Every structure is written in C-alpha cells, then in structure tokens.
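Residue numbers (this note's numbering), protein chains in the order written: chain A, 1223 to 1340; chain B, 89 to 202.
A virtual CB, placed ideally from N, CA and C, is assigned to each residue, including glycine.
Computed from a predicted structure; not experimentally measured.
In what follows, a single structure is set out as structure tokens and then discussed.
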Amino acid sequence: DTGVSQDPRHKITKRGQNVTFRCDPISEHNRLYWYRQTLGQGPEFLTYFQNEAQLEKSRLLSDRFSAERPKGSFSTLEIQRTEQGDSAMYLCASSYEMLAGANTGELFFGEGSRLTVL
Amino acid sequence: KNQVEQSPQSLIILEGKNCTLQCNYTVSPFSNLRWYKQDTGRGPVSLTIMTFSENTKSNGRYTATLDADTKQSSLHITASQLSDSASYICVVSVSAGNNRKLIWGLGTSLGVNP
Chain A
1223 DTGVSQDPRH
1233 KITKRGQNVT
1243 FRCDPISEHN
1253 RLYWYRQTLG
1263 QGPEFLTYFQ
1273 NEAQLEKSRL
1283 LSDRFSAERP
1293 KGSFSTLEIQ
1303 RTEQGDSAMY
1313 LCASSYEMLA
1323 GANTGELFFG
1333 EGSRLTVL
Chain B
89 KNQVEQSPQS
99 LIILEGKNCT
109 LQCNYTVSPF
119 SNLRWYKQDT
129 GRGPVSLTIM
139 TFSENTKSNG
149 RYTATLDADT
159 KQSSLHITAS
169 QLSDSASYIC
179 VVSVSAGNNR
189 KLIWGLGTSL
199 GVNP
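Below you can see the structure in the form of structure tokens.
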C-alpha cells in the first residue's frame, strides 16, 4: 500500500496526558497537511509543510500543539496536556506541488487518527 | 469573507436514483474547486478538481459542473449505489499572492437506501 498512512488509528487518553500522532505521506509528495475534524463538520486546517519547512499554522494550533517534519519525510503531531475539547479525528494529507505557493495538486488523505480524551 | 456553502445539508434517496448536490462559494480570487467523498470514520477521497476554465468533469458516475460567473458548482450522481452513502464535501482553493488556501464546505450527507 503506497497511500498515506497514519498511526495510531485510535487513541484514548486521560485529560492532561500528551499524545503523538505520526503520518507517513506518499513518498514522492513534497507537501504534507494536518487537519482536525469533529463530528458533522468539515476538516479544519491546522498546519502544512513544504518538504521540511512548516509554512503555515492555523490559529487552531495553540501552544499545546506542535508539528514536525524532520528531513521532509514523515511528520508527527504532538498535543501536550490534552483537554476534552481536543477529542477529534486528526487527518493527514499529502500532495505534490511544483511551486511553494501553489495549491493545485490533488490531496491524498490518510484514514485519520481518532483521539478521545476522557 | 471567503465561504463555501453546500446544500442540502442531508439527503436520502433510493438506490438507483440520481441526485444533485450544490455548492455555492464566495471566494476571490478563485483558483480551483474540488469535490471530496468521505465515508464515515475515514479520510476524504478526491472525486474531481476543476479549474476556472473547466465547466464539467466526470469521474465514473460522478459529474461535477462549475459556473465561475455565478460561483456555483454541482455534483451529480447517476444511478446511485448503496456505497455512495457518504459525506460529499466541496472545497475551493483561494489564490492570494504567492500563497493559496483551501476553503472547506461543511458537506452534504447522502444516504442511499435499498
């Protein structure tokens, strides 16, 4: 399977704990996105990388959230001191863009990591 | 304000019937428009990407139309199947200088009953 893979698929944690999600994009893709989606809503943009550079962060990404993409390959999204409001599906997507500022490539999504904070 | 509105919010049809989902956007300047299908609990899957110059684009039983003048798009599903039950999300790419953003609609939830 050469699609976008996310791990873990499901995570249940207690409030205050830290969690980390991993995303492995399609190998030839240079763009990687993180989205958050709650029930009945569309995906909300969190951040994206062009290769290893993090080019934009949403206001949704509080100081408890951090994302990395070392070496421009896989990415991790860490949430520190989780709150019940962080319960959501965290989606990763990748695409190939020739130009840094472009947004014309097709996005390929992973199956998501569902977080439940008790 | 850049917005994407979809209608209806939800729809139930019988297997074999056709249906049309609507997307209106107030986005400027426009770059491209996408339709995604999202099954419950899974990631979205791209159906079509349409640029300003494209009026219609098909992907199997899915046909998307785009009217850039009225800023409307539709997704027509022909001969629906049970597996078409999903959320269909319209996404518009905004062009802003050297950066572009994706504006997501809330989706139309489609249920296909036997």
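Inset, instruction - Kindly indicate if chain A contains any beta-carbon less than 8 Å away from that of GLY195(B). - result: yes
Legend entry - Beta-ladder partner(s) of LYS189(B), from DSSP: VAL182(B)
Legend entry - Sub-8 Å separation of VAL200(B) and SER162(B) beta-carbons: no
Inset, instruction - Pull up the distance between the alpha-carbon of SER1227(A) and that of CYS1245(A), whole angstroms please. - result: One alpha carbon belongs to SER1227(A), the other to CYS1245(A), and they sit about 6 Å apart.
Inset, instruction - Using a Cβ cut-off of 8 Å (strictly closer), state whether PHE1176(A) contacts chain B. - result: Given a span of 1223 to 1340 for chain A in the structure shown, any question on residue 1176(A) remains unanswerable.
Legend entry - Test item: CB-CB of PHE1330(A) and SER1309(A) under 8 Å: no
Inset, instruction - Could you say which of LEU1340(A), GLU1328(A), VAL1339(A), SER1335(A) lies nearest to VAL133(B) if we only look at CA atoms? - result: GLU1328(A)
Inset, instruction - Rounded to whole angstroms, what's the CA-CA distance from LEU154(B) to LYS105(B)? Just pull it up for me. - result: 22 Å
Legend entry - ASP155(B) in three-state terms, based on DSSP: strand
Legend entry - Residues of the segment 136-167 of chain B whose Cβ lies closer than 9 Å to any Cβ of chain C, in chain order: Any reference to chain C falls outside this structure, whose protein chains are A and B.
Legend entry - Closest Cα partner of ASN147(B) within the set ARG122(B), ALA156(B), VAL179(B): ARG122(B)
Legend entry - Cutoff 8 Å: LEU190(B) Cβ touching any chain A Cβ: yes
Legend entry - Beta-carbon neighbours of ILE177(B), restricted to chain A and to distances below 9 Å: GLY1264, PRO1265
Legend entry - Spatial distance of LYS189(B) from LYS125(B) (CA atoms): 20 Å
Legend entry - Limits of the unbroken beta strand (DSSP E) element including PHE1271(A): 1266-1272
Legend entry - Whether ASN120(B) touches THR139(B) by CB criterion (8 Å): yes
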